[in-house]
Structure formats: structure tokens, C-alpha cells
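Numbering follows the numbering used here, with no gaps: position 162 of the sequence shown is 423. For each residue, glycine too, the CB sits at the ideal point set by N, CA and C.
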Amino acid sequence: MIVLAMDTSTSACSAALWADGRVLARRLTPMARGQSEALMPMVAEVMAEVGLGFADLDLLAVSVGPGAFTGLRIGLAAARGLALATGLPLAGISTPLAVAHGVAEAERQGRTLLVVMESRRDEAWVQAFDANLDPLGEVAALLPEQAAALVPGMLVVTGDAAASVMALRPDAVAASAPGWPDAALVAELAAECWGRGECLPPEPLYLRPPDVTMPGCRS
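What follows is the structure in C-alpha cells.
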């Protein structure tokens, strides 16, 4: 199975091609802004690097959050547009799950993994995983002190807001991996869940309303 995946759900932008257990091509750039201009050129680059056309693909995948409202819209709009134009199926992947899979197995051994993602508010998006990367609960919006108290015992922390928990849990270990989703992992996870019929729908996963005011909605 050949999968093209995209991620713009956090302060990074990435695209990757994955096939049968290996990454064919990948682009990942940290960026807080400019994802709408960067994503489709990244997609074109990874396709050109491998010499594939959309007719060669089996599946499209995109991270669905929770994450930055604007970033989620950019990635989902691009992925849906490609799915509509090509007729390819589109799989959604949880952003915290993709971030969790970036943490090395050696760092997870004997520890609970806590993914802490920036939410642009006082809280962070938080989800705990066991050493085998099985979720220990749903994603929640928590204050740093709530996140720090969520998991007792040995802890490894990752995510772009990991520092907020590390400051309160000096006993915890900071994961060495970047705290952003990698589209290559989004692709791999999509290939796995698609075969089991367990992928998320390509819809933004919000835990609360976005921080935007739509035209005509001011009080």
C-alpha cells in the first residue's frame, strides 16, 4: 500500500510518501505560519522525488487534531481537495497519536507517555499512552498542573507544550523526538488502521469551539 500523508495541525508542516513499511520521501518544516503556502509544494516535492503520480497511490491521510484551528483547516482542506480530485480514500489520524509514535521505544520502557500539545489557551491538549502506545484515556484540555498530576510514577513527556509539564514534574523525562507530528508516521498509522477499518473520519477533532469570530456573529 502506498500512502500520501499530510500534517499541518501544530506549529509545523509536513508531507510524506510511505509504502509497505518504509518512508519513500518526506518533508517537514517547523512553522507557526505559512502552512497554506508550504503544504502543496511539499506534496509536489515528495511525489516528484519518488516519481509517482496520484494514480499510483492507494490512500491519502491527514492529521485531524486536536490542534490549531487554522492549521487543521489547511491540512484537511488540502487532503479533501486531493481526495475529491483523485477519487482516493482519505483517512484521519489523531494528532496526539502521531506525536506519541515519534517517541523512541527505549524512552518509553517502564514509563507512561504523556503527549502535551499547545492549544493557544491556558490549557493544553493532553493524552496519556502506555509503553506500547495504547491510549490510557481520551484527549483532554487540561491546565499544566492538571496534566502534571494526571499520571503518577515514571513519566516521559513529549509534544510542543511539554515544557509546561516538565516544569512541574522534575522527575519526568523529556522525549528526544520533536513534539510535532511527522507525516511519515501519519501515513504508517493510516495504513495500519485502514486495513482494520479503524481510521478516524477526515473531520477536525475539536474539544471546544475555535477562538474565532465569524462575520455577522458579533454581539
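query                                                                                     : result
Length of the line joining the Cα atoms of F330 and R381                                  : 10 Å
Extent of the continuous alpha helix (DSSP H) run through A365                            : Here A365 belongs to no alpha helix (DSSP H), and DSSP marks it neither H nor E.
Rounded separation between R489 and A352 - CA only                                        : Shown here, the chain extends from 262 to 480; a query on residue 489 therefore has no answer.
Same chain only: Cβ atoms within 7 Å of M301, ignoring 5 sequence neighbours per side     : A339
Unbroken beta strand (DSSP E) run spanning C274, endpoints                                : A273 to A280
Neighbour-count burial assignment, P327, 16 or more Cβ in a 10 Å radius                   : buried
For L278 and A344, the rounded distance between their alpha carbons                       : 15 Å
E449 versus A410: straight-line alpha-carbon distance, rounded                            : 32 Å
Supposed contact pair T271 and E379 - C-beta distance, whole angstroms, cut 8 Å           : 7 Å
Span of the alpha helix (DSSP H), counted from its first residue to its last, around A448 : A444 to R457
C-beta atoms of T373 and M427 nearer than 8 Å                                             : no
Check: L461 C-beta below 7 Å from any heavy atom of the ligand ADP                        : This structure lacks the ligand ADP; in fact it carries no ligand of any kind.
Beta-carbon proximity list for E306, same chain, < 7 Å, skipping 5 on both sides          : R288
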